[in-house]
Every structure is written in C-alpha cells, then in structure tokens.
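The structure appears right after this line, and notes come after that.
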Amino acid sequence: MSDKFKTFLKRLFSTIISLAVVAAACILYDGICLQVLVPLLCNLAAVEWFFMLRKSNAGENRWLVVLAGLIYPWCLFISTPFAYPLEANYSACPLVGLIIFVLLAFLCEVVRMDCLGRSPETALRSLGISLVAFIYPGWLFGLAMFFLNPSTALMLLLFIAVTKMSDIWAYLCGVLVGRRFISRPFSPAVSPEKSWEGIIGSLLLTILSGTVLLRLVEPECPVLRAASISALLFLISVMGNLARSFIKRCLGVKASSHLLPGIGGIIDLIASPAFTVAALVAAFLLF
Numbered sequence: 000m001s002d003k004f005k006t007f008l009k010r011l012f013s014t015i016i017s018l019a020v021v022a023a024a025c026i027l028y029d030g031i032c033l034q035v036l037v038p039l040l041c042n043l044a045a046v047e048w049f050f051m052l053r054k055s056n057a058g059e060n061r062w063l064v065v066l067a068g069l070i071y072p073w074c075l076f077i078s079t080p081f082a083y084p085l086e087a088n089y090s091a092c093p094l095v096g097l098i099i100f101v102l103l104a105f106l107c108e109v110v111r112m113d114c115l116g117r118s119p120e121t122a123l124r125s126l127g128i129s130l131v132a133f134i135y136p137g138w139l140f141g142l143a144m145f146f147l148n149p150s151t152a153l154m155l156l157l158f159i160a161v162t163k164m165s166d167i168w169a170y171l172c173g174v175l176v177g178r179r180f181i182s183r184p185f186s187p188a189v190s191p192e193k194s195w196e197g198i199i200g201s202l203l204l205t206i207l208s209g210t211v212l213l214r215l216v217e218p219e220c221p222v223l224r225a226a227s228i229s230a231l232l233f234l235i236s237v238m239g240n241l242a243r244s245f246i247k248r249c250l251g252v253k254a255s256s257h258l259l260p261g262i263g264g265i266i267d268l269i270a271s272p273a274f275t276v277a278a279l280v281a282a283f284l285l286f
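First residue of the sequence shown? That's 0 in numbering that gives the first Met the number 0, and the numbers climb one at a time after it.
Listed below in structure tokens is the structure:
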C-alpha cells in the first residue's frame with residue numbers, strides 16, 4: 000500500500016468522524032449543539048492561524064487575529080436567532096464584526112508605525128495578512144450560524160457534505176491516475192500536487208454522487224438541477240482548496256496543524272465549506 004493511499008484512508012477516516020460529529024450535533028438538543036460546534040471550529044481555526052503566523056514570522060498582528068477569532072464567533076452565536084436565515088434584524092452582525100476588525104487592524108498598524116518605527120511596506124503587508132486571517136475561513140464559516148434552523152439546516156449540511164465529497168474524490172483520483180495522462184499540474188505555483196486527472200475525476204464523481212445524494216434527500220429535485228448544484232459545489236470546493244494552498248504556500252507552512260490525521264488542521268477541514276457557506280449567503284441575498 001502506497002503512502003498516498005494510506006494518507007487517503009486517514010483522510011477518509013477523519014472526514015467520516017467529522018461528519019459523524021456533525022450528525023450527532025444535529026440530533027442532540029434540536030440543533031443547539033450544532034450551533035455551538037460552529038463557533039468552536041472558528042475558534043480552533045483562529046488558534047491555528049496564530050501558530051502559523053508565529054511560525055512564519057510574517058510580522059503581522061497575530062494577537063489581534065486570535066483574539067478577534069475567539070470573541071467574534073460567540074458574539075455571532077449570541078446574536079443569531081434559531082429562526083429564518085439572514086433575518087434583517089440580525090444579519091448585520093457579521094458586517095459589524097468585520098468593520099470593527101478592519102478599524103482595529105488599521106489602528107494597530109498606525110500605532111506600530113508611529114511607536115515602533117515599522118516601515119510602510121511591512122505595515123501594509125501585516126494589515127493584509129491580518130484581514131485575510133480573520134476572514135478566511137473563520138468569518139466566512141461563521142455565517143453558517145444563519146442556516147442552523149429547522150428550515151435550512153439540512154440544506155446546509157447537504158451542501159457541505161457534497162463539498163467534502165469533492166475533496167475526497169479529488170484526492171482519490173489523484174492517487175489512482177494522477178499525472179498518467181497530463182503531466183502538467185493543475186496549479187503549478189500554488190498547489191503542484193494537484194493533478195488534472197484528480198480534478199476531472201472529482202468533477203465527474205461529485206456530479207454523480209452529489210446528484211444521487213440530493214435526490215435521495217429531496218426526491219422532488221429535478222436531476223438536472225441536482226447535477227448543476229453538484230457541479231457548482233465542486234467549483235466552490237476547488238476554489239476553497241486553492242485558497243488554503245495559497246495561504247500555506249505564502250506563509251511557508253505545510254499544514255495548519257496535525258489535529259486531524261490525513262487532513263491536517265481545522266483550517267484544512269473547513270477551508271472549502273467556508274466558501275460553500277459564503278455561496279449560500281450570496282444566493283439568499285441575491286435570490
């Protein structure tokens with residue numbers, strides 16, 4: 000058994016355990032456990048960002064990142080009703096949280112320039128890293144709080160499940176047939192380990208498995224619509240994984256942590272679902 004296939008089995012095991020935890024949280028206490036799980040995952044992602052930034056020695060304000068990442072998700076938890084998603088009286092909380100963080104991040108860099116003699120170039124880089132660290136994936140994934148109600152929780156979980164299936168299929172196809180037909184990596188600069196065979200195989204299998212899953216849960220959903228949704232979730236998954244790889248390559252780290260065998264850390268776990276949640280928010284706001 001090759002090392003890559005062993006890694007795939009570890010990744011599959013960690014994914015199944017993670018989904019089992021989510022399923023258990025859905026069953027217990029009418030979804031309240033699931034509402035608690037979301038801010039906990041965001042907290043763990045913020046802590047991983049702190050250690051990644053410390054390891055990379057990028058010079059950013061990692062203390063602001065971790066404190067905001069620990070406090071903001073629970074503010075969202077307190078202010079979000081277990082009701083209809085994106086209700087007008089409550090949906091402003093993420094925007095307010097983001098605005099406060101942006102203001103604090105700018106203020107911190109101004110103070111560090113004036114009092115510590117930090118160069119403008121370093122301050123601007125630090126500001127950009129701090130903003131990215133707060134937004135992705137914690138701030139985006141925290142928006143899932145608006146969909147943890149009886150009318151939309153199942154839809155959210157289905158979308159996340161299909162997104163994670165896409166990740167699994169991409170890795171499996173990459174292990175089995177990667178680089179056998181197309182030698183050039185899918186993304187040579189950002190993620191050279193991703194192969195075109197893995198991406199194409201994942202697209203086909205995600206459409207197939209996602210359509211079956213969506214039809215099982217929602218039999219009235221037309222096949223074409225289920226296939227289109229699955230294809231869209233595949234694209235979102237690819238973007239999420241590339242964003243995660245981009246961040247780790249820029250910081251010079253291999254994994255956010257080693258908490259989950261075969262996957263890495265919580266950031267690696269929720270990187271693509273964070274984009275799925277953001278897409279759901281966009282869909283609700285637009286349509």
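All C-beta atoms, glycine included, are put in the ideal place defined by N, C-alpha and C.
Beta-carbon spacing of residue i, residue j below 7 Å
i      : j      : result
Thr275 : Ile198 : no
Leu157 : Val189 : no
Ala45  : Gly137 : yes
Ala132 : Val37  : no
Leu139 : Ala254 : no
Ser182 : Lys193 : no
Gly177 : Cys41  : no
Glu59  : Ser129 : yes
Thr6   : Gly261 : yes
Ile206 : Ser236 : no
Simplified DSSP assignment, three categories, for residue i
i      : result
Leu147 : coil
Pro184 : strand
Lys253 : coil
Ser227 : helix
Gly264 : coil
Leu36  : helix
Leu259 : strand
Arg179 : coil
Phe286 : coil
Glu219 : coil
Asn240 : helix
Asn42  : helix
Ala82  : Any answer about Ala82 is weak, because its pLDDT of 49 lies below 50 and its placement is not dependable; what the coordinates show is given next. It is coil, neither helix nor strand.
Pairwise C-alpha distance: residue j and residue i
i      : j      : result
Ala225 : Leu204 : 13 Å
Leu63  : Gly209 : 39 Å
Ser256 : Ile265 : 8 Å
Leu102 : Cys114 : 18 Å
Asp267 : Tyr170 : 14 Å
Met164 : Arg53  : 32 Å
Cys172 : Leu69  : 37 Å
Ile246 : Val252 : 9 Å
Phe49  : Thr162 : 26 Å
Leu175 : Gly200 : 10 Å
Phe105 : Gly96  : 14 Å
Ser55  : Glu196 : 32 Å
Lys9   : Pro191 : 21 Å
Asp166 : Arg111 : 41 Å
Met238 : Leu232 : 10 Å
Ser271 : Leu259 : 16 Å
Gly116 : Cys107 : 13 Å
Arg124 : Leu250 : 12 Å
Pro119 : Gly127 : 12 Å
Val300 : Arg179 : With the chain covering only 0 through 286, there is no way to say anything about residue 300.
Val211 : Leu284 : 28 Å
Tyr135 : Leu39  : 15 Å
Ser17  : Glu219 : 29 Å
Pro72  : Leu223 : 36 Å
Pro221 : Arg214 : 8 Å
Phe76  : Asp2   : 41 Å
Ile269 : Phe286 : 25 Å
Cys74  : Ala91  : 12 Å
Cys32  : Ala277 : 22 Å
Limits of the unbroken beta strand (DSSP E) element including residue i
i      : result
Ser118 : Neither: Ser118 is in no beta strand (DSSP E) and is coded neither H nor E.
Glu192 : 190 to 194
Unbroken alpha helix (DSSP H) run spanning residue i, endpoints
i      : result
Thr162 : 152 to 176
Trp62  : 61 to 78
Whole-number beta carbon distance between residue j and residue i, since they are thought to touch under 8 Å
i      : j      : result
Phe304 : Ala122 : The chain is shown from 0 up to 286; residue 304 falls before or after that span and cannot be answered.
Leu153 : Val216 : 7 Å
Phe12  : Thr79  : About 32 Å separates the two Cβ atoms, so there is no contact after all.
Leu94  : Leu279 : Rounded, the Cβ-Cβ distance is 16 Å, inconsistent with contact.
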